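> Top to bottom, those sequences are chains A and D. Position 205, counted from 1, in the first sequence is what this note's numbering calls 205; the numbers after and before it change by one each time, with no gaps. The number in this note's numbering is simply the position in the second sequence, starting from 1, with 1000 added. Note that CB positions come from ideal geometry on N, CA and C, so glycine has one too. Everything numeric in this text was worked out from a predicted model, so none of it was measured.
Protein chains: 2
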Amino acid sequence: MTDAVETAGPKAAPKAAETAAATAPETGSAAPATRPRRGRPPAFDRTEALSAATRLFWERGYEATSVTDLTTAMGMRPGSLYAAFGDKRSLFEEVVRRYGTSPVGAFAAVALTEEPTAYGAFARILREAAAIYPDPSHPAGCLVISAATNVSAQDAGIQDHLRELRNGNTRVFAERLRRAREEGELPPEADPEALAGYLATVIQGMSQQARDGATAADLARTAELALRAWP
Amino acid sequence: MTDAVETAGPKAAPKAAETAAATAPETGSAAPATRPRRGRPPAFDRTEALSAATRLFWERGYEATSVTDLTTAMGMRPGSLYAAFGDKRSLFEEVVRRYGTSPVGAFAAVALTEEPTAYGAFARILREAAAIYPDPSHPAGCLVISAATNVSAQDAGIQDHLRELRNGNTRVFAERLRRAREEGELPPEADPEALAGYLATVIQGMSQQARDGATAADLARTAELALRAWP
DNA sequence: ATGATTGTTGAGCGACCGCTCAAGAAAGAA
DNA sequence: TTCTTTCTTGAGCGGTCGCTCAACAATCAT
């Protein structure tokens, strides 16, 4: 349950960060690029560091994860972290962006594009959620759903950001269901918005259930029951 | 969605607090009690203070609510708060206990005891959740579901406490559904545990949806769709 | 009156928060 | 080599965290 529509658009260079991104936009063409950078090379692997940060934010949430927690898990001192990622908030946003393009974070969008029917797509989404959310190879549930539910007033923007991602997903659901009704897959009296809200509700509930210890088998049964509401 | 079975049992006097509780267990019988206390009377109304604390914890969660936030909203200085309620954690636990006995927090337990059929009980629970969770007279959603989802390692106990309340409710759901199957209301092939998990999932999802801005009308449609999965 | 009891107050404790910065280290460029 | 560039390091900034405490205030008991 995360961004179904990946907005890799403007981005408006935050301030720092984004140093190890560009591989070779200049330098002619043929060579496989990766011309050695200029100064001292970083002592950390950016991808691994982001994975460690993702794990922490996913497990505890934004505010409950301190910069000390992050530097310890990422194996770097505060100065390096701030030079590489900007500030805590920018790091979190980069984590969320990366999560949205990962298999675990983008499974819903993938199912929507790959499945020919709406029912096929949403059945697959619910069943994959049941398998992914309690998977022990990562923290339980969905990062976008659970990482910024308890925030103080000064970090309300983070909460709003994730909320907008969630509500955006629900809108994408509704869009797909409207199309299904137009194409005759759903009966004319079906209510796409209501069905989208229901499916989002079940998915978000499944994330919470996984965090409360529900197993993949538990959630699979929930998914099958949820599908019985299909018009 | 909170404690369906109210455990007003042992309690084991925390440390401080509980001062304004006993009204008149001694002093004979007839008089309407409330014999004046001994020392200086409190300058605050305990119920009002708890309501203010409840609102804050409900809205932002346990860790995101600071003691400064609490003292400001409750109209008292730190010393008074600690003398009256113990510490922040004890205050939160008292808030949760009180929430569990309030109409908003106990509606599920009430429906389970008042409705003769399981379907009647769970239909009422879903419909009342749809009306209560987005009610603007209090913070959105359910305090037990959303007040301790993001906590640091040192407050994991709070998270565990609320999780146990949630899972306890699911067990009460399953118990009611097992009875319904035994009594023939549900077919023999029905799976009470699975149905309980599904209903808990929908309810927890509805709480999240309410916090994301879903209206009572939105959630009412979700509730009706969810009920279509009933065996 | 005086003492006992209970509650309020304001100052402030140690710990941790997010974050910064001068100094040093490791690389390519000259 | 020396310069420039990039990254790391360790110390530590101001601020907020949860919480405590001595002094004072308001009530009942005597």
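Roughly how many angstroms lie between the CA atoms of C1142 of chain D and P36 of chain A, to the nearest whole one?
To locate residue 1142 of chain D, count along the second sequence from 1; it is residue 142. To locate residue 36 of chain A, count along the first sequence from 1; it is residue 36. Those two C-alpha atoms are separated by around 54 Å.
> Are the beta-carbon atoms belonging to L50 of chain A and R98 of chain A less than 8 Å from one another?
As a first step, residue 50 of chain A must be located in the first sequence, where it is residue number 50. As a first step, residue 98 of chain A must be located in the first sequence, where it is residue number 98. Closer than 8 Å, so yes.
> Just by C-beta distance, which residues in the region 179-192 of chain A are closer than 8 Å to chain D?
Listed in sequence order: D191.
> Only counting the same chain, and skipping five residues up and downstream in sequence, which positions put a Cβ closer than 7 Å to that of P25 of chain A?
Here residue 25 of chain A corresponds to residue number 25 of the first sequence, with the count starting at 1. Its pLDDT being 36, under 50, P25 of chain A is placed unreliably by the model, and nothing is read from it.
> What whole-angstrom Cβ distance do A1194 of chain D and R221 of chain A have, given they're in contact under 8 Å?
Residue 1194 of chain D sits at position 194 when you count from the first residue of the second sequence. Residue 221 of chain A sits at position 221 when you count from the first residue of the first sequence. About 4 Å separates the two Cβ atoms, so the contact holds.
> Below 8 Å on C-beta distance, what does R1176 of chain D contact in chain A?
The sequence position of residue 1176 of chain D within the second sequence is 176, counting from 1. Ordered by position in chain A, no residue passes the 8 Å Cβ test against R1176 of chain D, which lies about 16 Å from the chain.
> Under 8 Å: do the region 1117-1127 of chain D and the region 1197-1204 of chain D share three or more Cβ pairs, one atom per stretch?
At 8 Å Cβ cutoff, the stretches touch.
> On a Cα-Cα basis, can you pick out the residue from D:E1175, D:R1181, D:E1164, D:E1063 that is closest to F1092 of chain D?
As a position in the second sequence, residue 1092 of chain D is number 92, starting the count at 1. It is D:E1063 whose Cα lies nearest to the Cα of F1092 of chain D.
> If we cut at 8 Å on Cβ distances, does L1225 of chain D have a partner in chain A?
Within the second sequence, numbered from 1, the residue matching residue 1225 of chain D stands at position 225. With 8 Å as the cut-off, L1225 of chain D counts as an interface residue toward chain A.
> 8 Å is my cut-off, CB to CB: does L1081 of chain D come that close to chain A?
In the second sequence, residue 1081 of chain D corresponds to position 81, counting from 1. Chain A contact via Cβ: absent.
> So, helix, strand or coil for E1114 of chain D, using DSSP?
In the second sequence, the residue the question calls residue 1114 of chain D occupies position 114. In the structure shown, E1114 of chain D sits in a helix (DSSP, three-state: H, G or I).
> Closer than 7 Å by beta-carbon distance: list the chain A residues that pair up with T1201 of chain D, in chain order.
Along the second sequence, read from residue 1 onward, the residue named residue 1201 of chain D stands at position 201. Here the neighbours are V202, G205, M206, Q209, T222.
> If I follow the unbroken alpha helix (DSSP H) through F1092 of chain D, where does it start and stop?
Counted from its first residue, the second sequence places residue 1092 of chain D at position 92. Residues 1088-1101.
> Quick one: which chain D residues come within Cβ less than 9 Å of N150 of chain A?
For the purposes of this step, residue 150 of chain A is taken as residue 150 along the first sequence, with counting starting at 1. R1060, G1061, Y1062, E1063, A1064, T1065, S1146, A1147, A1148, T1149, N1150, V1151, listed in chain order.
> Can you say whether P78 of chain A is buried or exposed, counting buried as having 16 or more other CB atoms within 10 angstroms of its CB?
In the first sequence, residue 78 of chain A corresponds to position 78, counting from 1. By the neighbour-count rule (16 or more Cβ atoms within 10 Å), P78 of chain A is not buried but exposed.
> Of the residues D:A1052, D:A1109, D:E1115, D:P1231, which one's Cα is nearest the Cα of E1094 of chain D?
Against the second sequence, residue 1094 of chain D aligns to sequence position 94. Comparing Cα positions, the closest option is D:A1052.
> Which chain A residues sit within Cβ distance under 8 Å of A1140 of chain D?
Position 140 of the second sequence, counted from the start, is the residue given in the question as residue 1140 of chain D. Those do not exist, as A1140 of chain D stays about 11 Å from chain A at its closest Cβ, beyond 8 Å.
> If contact is defined by three or more beta carbon pairs under 8 Å, each pair taking one atom from either stretch, is the region 1133-1141 of chain D in contact with the region 1210-1217 of chain D?
Yes, they touch.
> By Cβ distance, which residues of its chain are closer than 7 Å to D155 of chain A, with the 5 residues on each side in sequence left out?
Taking the first residue of the first sequence as position 1, residue 155 of chain A is located at position 155. Result list for D155 of chain A: Y62, E63, in chain order.
> I'd like to check one pair, L225 of chain A with A1217 of chain D: are the Cβ atoms closer than 8 Å?
Stepping through the second sequence from its first residue, residue 1217 of chain D is reached at position 217. Stepping through the first sequence from its first residue, residue 225 of chain A is reached at position 225. Contact flag unset, no.
> Taking the C-alpha atoms as reference points, what is the distance between G157 of chain A and V144 of chain A?
In the first sequence, counting from the first residue as 1, residue 157 of chain A sits at position 157. In the first sequence, counting from the first residue as 1, residue 144 of chain A sits at position 144. Using only the alpha carbons, I get a separation of about 14 Å.
> Could you compute how far the alpha carbon of P42 of chain A sits from the alpha carbon of S1152 of chain D?
Taking the first sequence and counting its residues from 1, one reaches residue 42 of chain A at position 42. Taking the second sequence and counting its residues from 1, one reaches residue 1152 of chain D at position 152. In a straight line, the C-alpha of P42 of chain A is about 29 Å away from that of S1152 of chain D.
> Among the candidates A:V104, A:G100, A:Q204, A:S102, whose CA atom is the shortest distance from the CA of T149 of chain A?
For the purposes of this step, residue 149 of chain A is identified with residue 149 of the first sequence, where counting begins at 1. Out of A:V104, A:G100, A:Q204, A:S102, A:Q204 has the C-alpha closest to the C-alpha of T149 of chain A.
> Is it true that the CB of L81 of chain A sits closer than 8 Å to the CB of T71 of chain A?
Translated into positions along the first sequence, residue 71 of chain A becomes position 71. Translated into positions along the first sequence, residue 81 of chain A becomes position 81. Contact: yes.
> Suppose only complete runs of 3+ residues qualify. What are the beta strand (DSSP E) ranges in the region 1125-1157 of chain D, listed by chain order?
Runs found: none.
> For V96 of chain A, does the count of other Cβ atoms within 10 angstroms reach 16, so buried, or fall short, so exposed?
For the purposes of this step, residue 96 of chain A is taken as residue 96 along the first sequence, with counting starting at 1. So V96 of chain A counts as buried.
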